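Note sheet for the following structure.
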Amino acid sequence: MKKWLRYGALLLLLIIVTGCRQQASPADVQNIDIAISFVPAELAVGEAELTVTLTDSEGNFITDAQVEVRGDMTHAGMVPVIVTAESGDDSYHAAFEWTMGGDWIVTVTATLPDGSVVEKTFNYSVSGDMNMDMSEDTGESHNMSEMTPEATVDN
962 MKKWLRYGAL LLLLIIVTGC RQQASPADVQ NIDIAISFVP AELAVGEAEL
1012 TVTLTDSEGN FITDAQVEVR GDMTHAGMVP VIVTAESGDD SYHAAFEWTM
1062 GGDWIVTVTA TLPDGSVVEK TFNYSVSGDM NMDMSEDTGE SHNMSEMTPE
1112 ATVDN
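Here the sequence shown is numbered in the numbering used here, starting from 962 and rising by one per residue.
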């Protein structure tokens, strides 16, 4: 009986030690630099060309990663802008649309060739100015007080 108790205690100890060990992480993930830029550089509502550059600790470009970019407004209720950047000459490119003026959080997530993931967040302020074609606007005004609700609440 003592023999089984010892084996059981040893097995339990091995499980605990194995579960508590630090998970191995791919080498140098912390040394990957992510840089992004937009054209036009003056950010305004509308389309922009996004360029993402990934470099290792020695400044070498990383060109065989999968790069996803997510843009979120800092206030709730807005649909995020999510794009996949395509690999190009020493960088990744994607069309990115600023859907509204205001403060944005842009998160770049890169899955490296070894399967490790590196992520970086950037903060931007986007101008609300937008060139709008109003040529077909009828100038018609709608009086909201004349509208009737379509739903009712029973008390």
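Backbone N, C-alpha and C fix where the C-beta goes; we use that ideal spot for every residue, glycine too.
Small disclaimer: the values here were computed from a predicted structure and weren't measured.
Give the C-beta separation of residue i and residue j to the nearest angstrom, bearing in mind that I take them to be a contact with Cβ-Cβ under 8 Å.
i, j, result
"Leu1011", "His1054", "7 Å"
"Val1006", "Gly1089", "6 Å"
"Asp1051", "Phe1022", "4 Å"
"Val1013", "Ile993", "Going by Cβ atoms, the distance from Val1013 to Ile993 rounds to 12 Å, so no, they are not a contact pair."
Ordered along the chain, which non-local residues of its own chain (more than five positions away) have a Cβ less than 8 Å from that of residue i?
i, result
"Thr1035", "Gly1063, Asp1064, Trp1065, Ile1066"
"Met1061", "Val1006, Met1034, Met1039, Val1087, Gly1089"
"Ile1043", "Glu1029, Val1030, Arg1031, Gly1032"
"Ala1037", "none"
Should residue i be labelled buried (16 or more other beta-carbon atoms within 10 Å of its own) or exposed?
i, result
"Val1040", "exposed"
"Gly1076", "exposed"
"Ala1046", "buried"
"Gly1032", "buried"
"Ser1018", "exposed"
Residues in the same chain with beta-carbon distance under 6 Å from residue i, minus the five sequence neighbours each way, listed in chain order, please.
i, result
"Ser1048", "Thr1024"
"Lys1081", "Ile995, Val1069"
"Ala1071", "Leu1015, Ala1026, Val1028, Val1079"
Using a Cβ-Cβ cutoff of less than 7 Å, which residues in the same chain neighbour residue i once the five nearest sequence positions on both sides are dropped?
i, result
"Glu1008", "Ala1056, Glu1058"
"Tyr1085", "Leu1004, Trp1065, Val1067"
"Pro1074", "Asp1025, Ala1026"
The beta strand (DSSP E) with residue i in it runs from where to where?
i, result
"Ala1055", "1053 to 1059"
"Ile1066", "1063 to 1072"
"Ile1043", "1042 to 1048"
"Gly1007", "1007 to 1016"
"Ile997", "994 to 1000"
Measuring only between beta-carbons, confirm whether residue i sits less than 8 Å from chain C.
i, result
"Trp1059", "Looking at the structure shown, chain C is missing, and only one protein chain is on hand."
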